[in-house]
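What follows is a set of notes on a single structure, which appears directly below.
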Amino acid sequence: CEDPACYLWQVQQEGRCIPINGSCGSGTAVHNITCVNTEGEVVASTQCVDDPPPTEESCEVACSADCVVGSWSFWSTCSHSCATKTAEGKQSRTRTILAIPGKDGKACP
């Protein structure tokens, strides 16, 4: 198809919202936009006659008042084998802080 109507701009990948300051609040998302044909195949950007949509978009990341933590990891392997029956082994696990607490929010454990 050689008709200009056969080509259009399409967002291939929506960008993640990156806050301007800190870990939440107003931010910007950068999208990957390409020109595609009617079959959805990526073609040269010169095929799309219309102006492309903006690649950057204002966005918002919600601020959590309280600390938010992820799930616990799996337990680590034991530091001692069962062969040493008198020694006490140790195991550990971790979790990641996903959102730091906001003002007056509950602190992280």
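With positions in the sequence shown counted from 1, the corresponding number in the working numbering is that position plus 4.
Think of the CB as a built atom: it goes at the ideal place given N, C-alpha and C, for glycine as much as any other residue.
On a predicted model such as this, the values are computed, not experimentally measured, just so you know.
query: Beta-carbon separation of S66 and C28 under 8 Å?
result: On the sequence shown, residue 66 is found 62 positions in, with the first residue counted as 1. On the sequence shown, residue 28 is found 24 positions in, with the first residue counted as 1. At residue 66 the sequence reads Ala, which differs from the Ser that was named. Going by C-beta atoms, A66 is nearer than 8 Å to C28.
message: If you follow the beta strand (DSSP E) that I24 is in, where does it begin and where does it stop?
response: Taking the sequence shown and counting its residues from 1, one reaches residue 24 at position 20. Run containing I24: none; DSSP gives neither H nor E here.
- request: Just the C-alpha distance for G44 and R20, rounded to the nearest angstrom, thanks.
  value: Looking up residue 44 in the sequence shown gives position 40. Looking up residue 20 in the sequence shown gives position 16. Rounded to the nearest angstrom, the two C-alpha atoms are 23 Å apart.
task: Name the one or two DSSP bridge partners that I37 has.
output: By 1-based counting over the sequence shown, the position of residue 37 is 33. Answer by DSSP bridge pairing, in chain order: V15.
- request: Ignore the nearest five residues each way along the sequence and tell me which others in T100's own chain have a CB closer than 6 Å to its CB.
  value: For this step, residue 100 is matched to residue 96 along the sequence shown. Only G74 meet the Cβ criterion.
message: Could you compute how far the alpha carbon of N25 sits from the alpha carbon of P105?
response: For this step, residue 25 is matched to residue 21 along the sequence shown. For this step, residue 105 is matched to residue 101 along the sequence shown. Rounded to the nearest angstrom, the two C-alpha atoms are 15 Å apart.
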